[in-house]
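Just below is one structure, and these are the notes that go with it.
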Amino acid sequence: MPPTVVIDCFPESAKKYRFGYAVVAVDVIRATTTAVTAVSLGWRCFPTPSLEAVGPLAARLDNPLLAGEMGGNMPYGFDMTNSPAEMALRTDFQRPMILLSTSGTSLIHATRGCEARYVACLRNYSAQVRYLVGRHTEVAVIGAGGRGEFREEDQMCCAWIAEGLIKAGYLPGNRNTEELVQRWSGAPADGFLGSKSVEYLRRSDQLRDLEYVLSHIDDIPAVFTLKDQEIVMIPVAQCHR
7 MPPTVVIDCF PESAKKYRFG YAVVAVDVIR ATTTAVTAVS LGWRCFPTPS
57 LEAVGPLAAR LDNPLLAGEM GGNMPYGFDM TNSPAEMALR TDFQRPMILL
107 STSGTSLIHA TRGCEARYVA CLRNYSAQVR YLVGRHTEVA VIGAGGRGEF
157 REEDQMCCAW IAEGLIKAGY LPGNRNTEEL VQRWSGAPAD GFLGSKSVEY
207 LRRSDQLRDL EYVLSHIDDI PAVFTLKDQE IVMIPVAQCH R
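Be aware that the sequence shown starts at 7, since it is given in this note's numbering, and climbs by one per residue.
The following block contains the structure:
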(Lines of atoms letter the chains of each structure in order from A; the text may use other names.)
(Lines give C-alpha, C1' and ligand atoms only; values in the text may rest on other atoms or scores of the structure.)
Protein backbone atom coordinates (compact mmCIF):
# COMPACT_ATOMS: atom_id res chain seq x y z
CA MET A 7 0.00 0.00 0.00
CA PRO A 8 1.32 3.47 -0.85
CA PRO A 9 1.82 5.91 2.02
CA THR A 10 -0.90 8.50 2.61
CA VAL A 11 -1.24 11.98 4.07
CA VAL A 12 -4.37 13.68 5.36
CA ILE A 13 -5.01 17.28 6.41
CA ASP A 14 -7.35 17.94 9.31
CA CYS A 15 -8.13 20.70 11.79
CA PHE A 16 -8.94 21.35 15.48
CA PRO A 17 -7.62 19.66 18.63
CA GLU A 18 -10.55 17.25 18.85
CA SER A 19 -9.54 15.75 15.48
CA ALA A 20 -6.29 14.35 16.86
CA LYS A 21 -7.99 11.36 18.47
CA LYS A 22 -8.85 10.03 15.00
CA TYR A 23 -5.16 9.51 14.33
CA ARG A 24 -4.09 7.85 17.56
CA PHE A 25 -3.13 4.55 15.96
CA GLY A 26 -0.78 4.12 13.04
CA TYR A 27 -0.25 7.80 12.27
CA ALA A 28 2.51 10.33 12.62
CA VAL A 29 0.73 13.53 13.62
CA VAL A 30 2.05 17.01 12.83
CA ALA A 31 0.56 19.88 14.84
CA VAL A 32 0.48 23.31 13.17
CA ASP A 33 -0.44 26.70 14.66
CA VAL A 34 1.40 29.33 12.61
CA ILE A 35 -0.11 32.30 14.48
CA ARG A 36 1.37 31.72 16.91
CA ALA A 37 1.99 28.72 19.16
CA THR A 38 4.05 26.38 16.99
CA THR A 39 6.05 29.26 15.51
CA THR A 40 6.89 30.41 19.04
CA ALA A 41 7.76 26.87 20.13
CA VAL A 42 9.98 26.16 17.12
CA THR A 43 11.68 29.53 17.51
CA ALA A 44 12.32 29.00 21.21
CA VAL A 45 13.65 25.46 21.01
CA SER A 46 15.87 26.29 18.04
CA LEU A 47 17.45 29.04 20.15
CA GLY A 48 18.17 26.71 23.05
CA TRP A 49 15.10 27.02 25.26
CA ARG A 50 13.36 24.09 26.86
CA CYS A 51 9.68 24.31 25.95
CA PHE A 52 6.76 22.70 27.74
CA PRO A 53 3.37 23.23 26.05
CA THR A 54 0.38 23.05 28.35
CA PRO A 55 -3.29 22.65 27.38
CA SER A 56 -4.90 24.89 29.99
CA LEU A 57 -4.29 27.62 32.53
CA GLU A 58 -5.10 25.15 35.31
CA ALA A 59 -2.23 22.91 34.19
CA VAL A 60 0.34 25.71 34.38
CA GLY A 61 0.70 25.77 38.18
CA PRO A 62 1.56 22.09 38.75
CA LEU A 63 4.00 22.13 35.84
CA ALA A 64 5.64 25.38 36.99
CA ALA A 65 6.14 23.90 40.46
CA ARG A 66 8.34 21.18 38.97
CA LEU A 67 10.53 23.57 36.97
CA ASP A 68 13.20 26.05 38.04
CA ASN A 69 12.03 29.65 37.58
CA PRO A 70 10.04 28.96 34.42
CA LEU A 71 9.17 31.61 31.85
CA LEU A 72 5.39 31.75 31.39
CA ALA A 73 4.47 32.59 27.80
CA GLY A 74 1.05 32.53 26.27
CA GLU A 75 -2.48 33.74 25.87
CA MET A 76 -6.01 32.56 26.39
CA GLY A 77 -8.72 34.08 24.28
CA GLY A 78 -6.21 36.58 22.95
CA ASN A 79 -5.25 37.90 26.39
CA MET A 80 -2.09 37.27 28.40
CA PRO A 81 -3.03 35.58 31.69
CA TYR A 82 -2.25 37.30 34.97
CA GLY A 83 1.24 36.49 36.19
CA PHE A 84 2.62 35.54 32.79
CA ASP A 85 5.87 37.03 31.51
CA MET A 86 4.89 37.44 27.86
CA THR A 87 2.36 36.43 25.22
CA ASN A 88 3.14 33.61 22.82
CA SER A 89 5.08 36.01 20.61
CA PRO A 90 7.80 34.54 18.38
CA ALA A 91 9.21 38.02 17.75
CA GLU A 92 9.63 38.69 21.46
CA MET A 93 10.92 35.17 22.04
CA ALA A 94 13.70 35.74 19.53
CA LEU A 95 14.88 38.83 21.44
CA ARG A 96 14.99 37.34 24.93
CA THR A 97 18.28 36.22 26.45
CA ASP A 98 17.13 34.41 29.61
CA PHE A 99 17.10 31.07 27.83
CA GLN A 100 18.33 29.24 30.93
CA ARG A 101 14.72 29.41 32.12
CA PRO A 102 12.45 26.61 30.90
CA MET A 103 9.42 27.98 29.06
CA ILE A 104 5.84 26.95 29.71
CA LEU A 105 3.79 27.73 26.60
CA LEU A 106 0.01 28.20 26.65
CA SER A 107 -2.34 29.17 23.84
CA THR A 108 -6.03 29.02 23.10
CA SER A 109 -5.79 26.40 20.35
CA GLY A 110 -2.21 25.47 19.51
CA THR A 111 -1.08 23.96 22.80
CA SER A 112 -4.45 22.25 23.16
CA LEU A 113 -3.80 20.57 19.82
CA ILE A 114 -0.29 19.56 20.86
CA HIS A 115 -1.68 18.08 24.08
CA ALA A 116 -4.42 16.28 22.16
CA THR A 117 -1.80 14.35 20.18
CA ARG A 118 -0.69 12.50 23.31
CA GLY A 119 -0.98 8.79 22.73
CA CYS A 120 -0.29 9.10 19.00
CA GLU A 121 2.54 6.93 17.73
CA ALA A 122 4.67 9.89 16.59
CA ARG A 123 4.12 13.56 17.40
CA TYR A 124 5.64 16.59 15.70
CA VAL A 125 5.30 20.36 15.96
CA ALA A 126 5.79 22.37 12.77
CA CYS A 127 5.32 25.83 11.29
CA LEU A 128 6.37 27.76 8.19
CA ARG A 129 9.91 27.97 9.56
CA ASN A 130 10.59 24.25 9.16
CA TYR A 131 7.97 22.79 6.83
CA SER A 132 10.52 21.45 4.31
CA ALA A 133 12.58 19.75 7.01
CA GLN A 134 9.40 18.21 8.37
CA VAL A 135 8.61 16.74 4.96
CA ARG A 136 12.11 15.31 4.54
CA TYR A 137 11.98 13.70 7.97
CA LEU A 138 8.59 12.09 7.46
CA VAL A 139 9.41 10.49 4.11
CA GLY A 140 10.53 6.92 4.60
CA ARG A 141 9.81 6.96 8.33
CA HIS A 142 6.01 7.09 8.45
CA THR A 143 3.51 5.63 6.01
CA GLU A 144 0.44 7.34 7.48
CA VAL A 145 0.68 11.07 8.23
CA ALA A 146 -1.95 13.47 9.58
CA VAL A 147 -1.15 17.18 9.42
CA ILE A 148 -3.52 19.03 11.75
CA GLY A 149 -4.12 22.77 11.98
CA ALA A 150 -5.04 24.19 15.37
CA GLY A 151 -7.90 26.31 14.10
CA GLY A 152 -9.39 29.31 15.82
CA ARG A 153 -12.97 30.10 16.88
CA GLY A 154 -14.29 27.21 14.83
CA GLU A 155 -12.36 28.11 11.67
CA PHE A 156 -9.47 26.47 9.86
CA ARG A 157 -7.37 29.61 9.58
CA GLU A 158 -5.68 30.35 6.26
CA GLU A 159 -2.13 30.41 7.63
CA ASP A 160 -2.57 26.91 9.04
CA GLN A 161 -4.23 25.69 5.85
CA MET A 162 -1.24 26.89 3.87
CA CYS A 163 1.38 25.34 6.14
CA CYS A 164 -0.48 22.03 6.33
CA ALA A 165 -0.96 22.04 2.56
CA TRP A 166 2.70 22.74 1.89
CA ILE A 167 3.74 19.83 4.11
CA ALA A 168 1.17 17.55 2.46
CA GLU A 169 2.23 18.69 -1.01
CA GLY A 170 5.85 17.83 -0.24
CA LEU A 171 4.81 14.36 0.84
CA ILE A 172 2.64 13.87 -2.24
CA LYS A 173 5.59 14.81 -4.45
CA ALA A 174 7.56 12.13 -2.60
CA GLY A 175 4.97 9.48 -3.46
CA TYR A 176 2.30 9.80 -0.79
CA LEU A 177 -1.37 9.77 -1.75
CA PRO A 178 -3.86 12.33 -0.40
CA GLY A 179 -6.03 10.56 2.13
CA ASN A 180 -9.25 12.29 1.14
CA ARG A 181 -10.76 14.87 -1.19
CA ASN A 182 -10.40 17.70 1.32
CA THR A 183 -6.66 17.12 1.51
CA GLU A 184 -6.39 17.13 -2.26
CA GLU A 185 -8.38 20.37 -2.53
CA LEU A 186 -6.33 22.17 0.12
CA VAL A 187 -3.08 21.18 -1.57
CA GLN A 188 -4.40 22.46 -4.89
CA ARG A 189 -5.57 25.71 -3.32
CA TRP A 190 -2.24 26.55 -1.69
CA SER A 191 0.20 25.08 -4.18
CA GLY A 192 2.46 27.88 -5.39
CA ALA A 193 0.87 30.47 -3.10
CA PRO A 194 3.12 33.32 -1.94
CA ALA A 195 4.28 33.27 1.67
CA ASP A 196 1.91 36.12 2.46
CA GLY A 197 -1.04 34.41 0.84
CA PHE A 198 -2.85 34.16 4.17
CA LEU A 199 -3.10 37.89 4.89
CA GLY A 200 -6.89 37.75 4.79
CA SER A 201 -6.93 35.48 7.84
CA LYS A 202 -8.78 36.51 10.98
CA SER A 203 -5.58 35.69 12.87
CA VAL A 204 -3.85 38.49 10.96
CA GLU A 205 -6.82 40.75 11.67
CA TYR A 206 -6.38 40.01 15.39
CA LEU A 207 -2.67 40.83 15.29
CA ARG A 208 -3.44 44.09 13.52
CA ARG A 209 -6.24 45.02 15.92
CA SER A 210 -4.12 44.23 18.98
CA ASP A 211 -1.04 46.06 17.70
CA GLN A 212 1.02 42.87 17.43
CA LEU A 213 1.95 43.06 13.76
CA ARG A 214 5.59 42.47 14.60
CA ASP A 215 4.65 38.81 14.98
CA LEU A 216 3.20 38.77 11.47
CA GLU A 217 6.35 40.43 10.18
CA TYR A 218 8.42 37.84 12.02
CA VAL A 219 6.48 34.95 10.49
CA LEU A 220 6.77 36.38 6.97
CA SER A 221 10.48 37.07 7.29
CA HIS A 222 11.30 33.59 8.59
CA ILE A 223 10.03 31.16 5.97
CA ASP A 224 11.64 27.72 5.74
CA ASP A 225 14.78 28.89 7.54
CA ILE A 226 15.16 26.13 10.16
CA PRO A 227 16.37 22.76 8.81
CA ALA A 228 15.26 20.83 11.86
CA VAL A 229 12.33 18.83 13.18
CA PHE A 230 10.61 19.20 16.54
CA THR A 231 9.00 16.32 18.37
CA LEU A 232 7.41 15.64 21.75
CA LYS A 233 9.36 13.79 24.41
CA ASP A 234 6.98 13.33 27.31
CA GLN A 235 5.77 16.91 27.96
CA GLU A 236 8.68 18.67 26.29
CA ILE A 237 9.23 19.80 22.70
CA VAL A 238 12.71 18.77 21.60
CA MET A 239 14.69 19.39 18.43
CA ILE A 240 15.89 16.50 16.29
CA PRO A 241 19.43 17.15 15.01
CA VAL A 242 19.67 18.38 11.44
CA ALA A 243 21.71 15.38 10.28
CA GLN A 244 18.87 13.03 11.19
CA CYS A 245 16.45 14.96 8.97
CA HIS A 246 18.40 13.84 5.89
CA ARG A 247 18.59 10.13 6.60
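In this text, a Cβ means the ideal position worked out from N, Cα and C, and glycines have one as well. Owing to the predicted nature of the structure, the values given are computational and were not obtained by experimental measurement.
Contact belief for residue i with residue j at Cβ below 8 angstroms, rounded distance in angstroms
i	j	result
Ile-226	Arg-129	5 angstroms
Gly-110	Asp-33	3 angstroms
Ser-112	Pro-194	Not quite, the Cβ-Cβ distance comes to about 29 angstroms (not below 8 angstroms), so this is no contact.
Cys-163	Val-42	That belief does not hold up - the Cβ atoms of Cys-163 and Val-42 are roughly 11 angstroms apart, past 8 angstroms.
Residue j beta carbon less than 7 angstroms from that of residue i
i	j	result
Gln-212	Ile-167	no
Pro-9	Thr-143	yes
Met-86	Leu-57	no
Ala-94	Val-12	no
Ser-107	Gly-74	yes
Ala-165	Val-139	no
Thr-39	Pro-81	no
Tyr-285	Val-229	The structure shown does not extend to residue 285, since the chain is modelled only from 7 to 247, so the question has no answer here.
Ala-31	Thr-97	no
Arg-157	Ser-203	yes
Secondary structure of residue i, DSSP reduced to three states
i	result
Cys-15	strand
Pro-227	coil
Tyr-176	coil
Ala-165	helix
Gly-61	helix
Gly-152	strand
Asn-79	strand
Thr-38	helix
Straight-line gap, residue i to residue j (C-alpha atoms, nearest Å)
i	j	result
Asn-182	Ala-59	34 angstroms
Arg-24	Ile-148	13 angstroms
Glu-217	Gly-197	13 angstroms
Bridge-paired residues (DSSP) for residue i
i	result
Leu-105	Pro-53, Ala-73
Lys-233	Glu-236
Ala-28	Ala-122, Val-145
Thr-10	Glu-144, Leu-177
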